[in-house]
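Reading through the structure tokens given below for one structure.
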Amino acid sequence: MIKWFKRKKSTPEGETDQDLAPVAILEEEAASSGEAAWEGARVPDLETDALEMPPSPGIMATEAPEEQTDPSLTVITGESEEVLELAPELEPPAEMEAEEALPPQKRRFFGRLRERLTRTREALSSKMDRLFLGKRVIDADLLEELEELLISADLGVDTSIELIEQTREKVRRKELTDPTRLKSHLKKEMFGVLTQVAEPVPSLVKPWVVMVIGVNGVGKTTTIAKLAHHDRRQGEKVLLVAADTFRAAAVEQLEIWGQRVEAEVIRQKTGSDPAAVVFDGLGAALARRVDKVYIDTAGRLHTKVNLMEELKKVKRTAAKKIEGAPHEVLLVLDATTGQNAISQARLFHEAIGVTGVIMTKLDGTAKGGVAIGVVKETGLPLKFIGVGEKMDDLRPFDPEAYLEAIIS
Ligand SMILES: Nc1nc2c(ncn2[C@@H]2O[C@H](COP(=O)(O)OP(=O)(O)OP(=O)(O)O)[C@@H](O)[C@H]2O)c(=O)[nH]1
Ligand SMILES: [Mg+2]
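Sequential numbering from 7 applies to the sequence shown in our numbering.
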């Protein structure tokens, strides 16, 4: 598991692990280098500001859009054919760990996540409490209402039906009789869903090339900045490739982030062929011996077909320049779009081939249950979650912490 909160710091006494907010270091460096005046742009304060980038059309930073931003991408064209192997070592715990029993640092981490996921918890956990109030037996009506509750909490129709079917079976076998046990039962089932996907084995290949895709406004560019920021903190050399040549200002947005996180940006002018930018970018990555490359891609083109074709071409081009690249194709999904995110995941996975999902904007939405539906219905691992606009608001996905935050 990646460490997010510690970094090595050189002191006169030697190297120590410090519980520092590394952004503060970046700010100090920026201040001393006079970077704040860079190109006259208002440079965001990474610790306290929202990510103040040129806003994507139609996307609001904190007020989450309830509607899908690109209706042309809501069509479900078929089931994903890729079935990932089960990870046998990930057994659901007999009981989820009680929060009080956790070490203080983990408890703080759980607490912060809980706060960010308040609205989802209200849509799921609080509503369950109200539903179960005064109920003495688990009957057909209760299970039906529970199924409706899960669907309305955006877990996805198929996922909700399956979870309730498993529950019904347990009730039928008299293994589950007490309504007060329903919550912990569902939590355990959900844990099973979230952990029954194979994580790709990390490789030491360098440069490690990550292509980031998703519809417009989901948070691709800012997520790349957050990932690059994290990698830089680990001392890695990072290069960003501006392959969204379609949207005006997309290249500049990435460049500003490149400056902030001290990662070189390979760019061409708006309207250029994104595959050509990728070809150049990977050439530069080889020449500069970088550790990581993030390819930022367009979220909207003239049509959905154009977008998919362009992404396929970018992927093919990457492989021509570096064998095996892109090593990861990460799909960014916006949690505020609810069950639409599941359709998008299917569509992109089928067209491009995705290796992992990043779910953004889980803060401030009641639709965070969709993460379970996405994993269940695509078989893709959820790798990171975005819980805010600051640099440190991207976290490796921890199924246990997530479930503790939404059902308690
Ligand atoms: N609240 C919240 N906002 C986020 C999160 N991640 C990204 N955003 C915001 O989402 C908006 C869109 O982010 P971008 O990174 O520009 O999205 P994009 O997918 O690159 O958009 P296009 O380039 O237009 O396709 C920005 O205002 C971000 O600050 C998150 O986890 N939480
Ligand atoms: Mg972008």
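Glycine included, every Cβ here is placed at the ideal spot set by N, Cα and C.
From the listed residues E258, K310 and G117, the smallest Cα separation to V393 is found for G117. For V320, DSSP records no beta bridge to any residue. In this structure, L313 is the residue among L313, T183, K298 and V271 with its C-alpha nearest to the C-alpha of A304.
Put simply, of R113, K373 and I358 the residue whose alpha carbon is nearest the alpha carbon of M365 is K373. Comparing C-alpha distances from E195 to each of K382, E268, L339 and D184 shows the shortest one belongs to K382. Not one heavy atom of ligand 1 lies closer than 7 Å to the C-beta of V284. Taking the C-beta atoms as reference points, T165 is found nearer than 8 Å to G379. In this model, E334 and G385 are separated by some 16 Å (Cα to Cα). Proximity of the beta carbon of T227 to ligand 1 is indicated: a heavy atom of the ligand is located closer than 7 Å.
Separation of the CB atoms of L288 and K327 is rounded to 4 Å, and the pair is thereby assigned contact status at 8 Å. With fewer than 16 other Cβ atoms inside 10 Å of its own Cβ, G330 counts as exposed.
Going by DSSP, T366 is part of the beta strand (DSSP E) stretching over G362 to T366.
CA-to-CA, the gap between V218 and E181 works out to about 44 Å.
In this structure, L245 places its C-beta atom within 8 Å of the C-beta atom of V299.
DSSP places V380 in the uninterrupted alpha helix (DSSP H) bounded by V376 to T384. Here L260 is not near L400, since their CB atoms are 8 Å or more apart. Shown here for G277: same chain residues with a beta carbon closer than 7 Å to its own, the five before and five after excluded, namely T251 in chain order. For the region 186-233, the continuous alpha helix (DSSP H) assignments of 4+ residues that do not extend past its boundaries occur at 188-201, in sequence order. Remark: the C-beta of T366 is in contact range of ligand 1, defined as less than 7 Å to any heavy atom. Residue environment analysis places E316 among the buried positions, since at least 16 neighbouring C-beta atoms fall within 10 angstroms of its C-beta.
Taking a contact as a CB-CB distance under 8 Å, the pair T126 and T371 counts as one, their CB atoms being some 7 Å apart.
DSSP places T309 outside any beta strand (DSSP E), giving it a letter other than H or E. Separation of T343 and G223 (C-alpha to C-alpha, rounded to the nearest whole angstrom) is 11 Å. For V393, the three-state secondary structure derived from DSSP is coil. For the set P109, V283 and V163, the Cα lying nearest the Cα of G375 is the one of V163.
Counted as a single uninterrupted DSSP element, the stretch harbouring I272 is not any alpha helix (DSSP H) but the beta strand (DSSP E) occupying residues E270 to I272. Taking the CA atoms as reference points, H355 sits about 22 Å from G198. In this structure, the C-beta of G305 approaches ligand 2 to less than 7 Å from one of its heavy atoms. With a cutoff of 7 Å, N346 does not count as near ligand 1, since its C-beta is closer than that to no heavy atom of the ligand. Contact between L337 and A351 is confirmed by a C-beta separation of about 6 Å, below the 8 Å threshold.
In the three-state reduction of the DSSP assignment, P332 falls in the coil class. For ligand 2, no non-hydrogen atom lies closer than 7 Å to the CB of A269.
The DSSP-derived three-state label of P109 is coil.
With a cutoff of 7 Å, D399 counts as near ligand 1, since its C-beta is closer than that to a heavy atom of the ligand.
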